[in-house]
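Residue numbers (our numbering): -4 to 161. Beta carbons: idealized from backbone N, C-alpha and C, even for Gly. Only one structure is covered here, and it is reproduced in the block below.
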């Protein structure tokens, strides 16, 4: 364990421009170097130092009246697969009526603003077989902007994870 730590610290010594030789460093050649003889660099904070919770969140610049609006969705006839529902909310006709920015999460629809009506009914035609499906979206609740930062961060992490999988 100590030899591995010494080798890692020595390797860091050479690659941090503390040593000009890089390939044939005398410290790399001597594996019996003690930890106190190496140039070390502190990379962690002091014990007891707290990390700001805003470090992993996305700061949003939105209007004060905006927030995250949640709608429950229902399909008539019933749609079995989530990706078909996602495809329906991606259609141009639906995006014109609700919002160009939306997130569909199985049976919940999240929008950045409140729509005119609390119940929206949109007819969408499926491209696969040509049948028409009625999409019902019912208003549930609206979260203020101060509570949306965490939700936007979670949604961003989910989208980033999906992109990494593809």
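DSSP, read as helix, strand or coil, puts residue 68 in strand.
Separation of residue 63 and residue 89 (C-alpha to C-alpha, rounded to the nearest whole angstrom) is 19 Å.
Using a Cβ distance threshold of 8 Å, residue 133 and residue 117 do not count as a contacting pair. Unbroken alpha helix (DSSP H) runs of no fewer than 4 residues, entirely contained in the region 84 to 136, are found at 87 to 92, following chain order.
Around the beta carbon of residue 114, fewer than 16 other beta carbons sit within 10 angstroms, so the residue counts as exposed. For residue 63, DSSP records a beta bridge to 138. Each residue's CA atom was taken as its position, placing residue 125 and residue 65 some 29 Å apart. In this model, residue 131 and residue 99 are separated by some 13 Å (Cα to Cα).
Distance check between residue 110 and each of 121, 101, 120 and 97 places 97 closest, using alpha-carbon atoms only.
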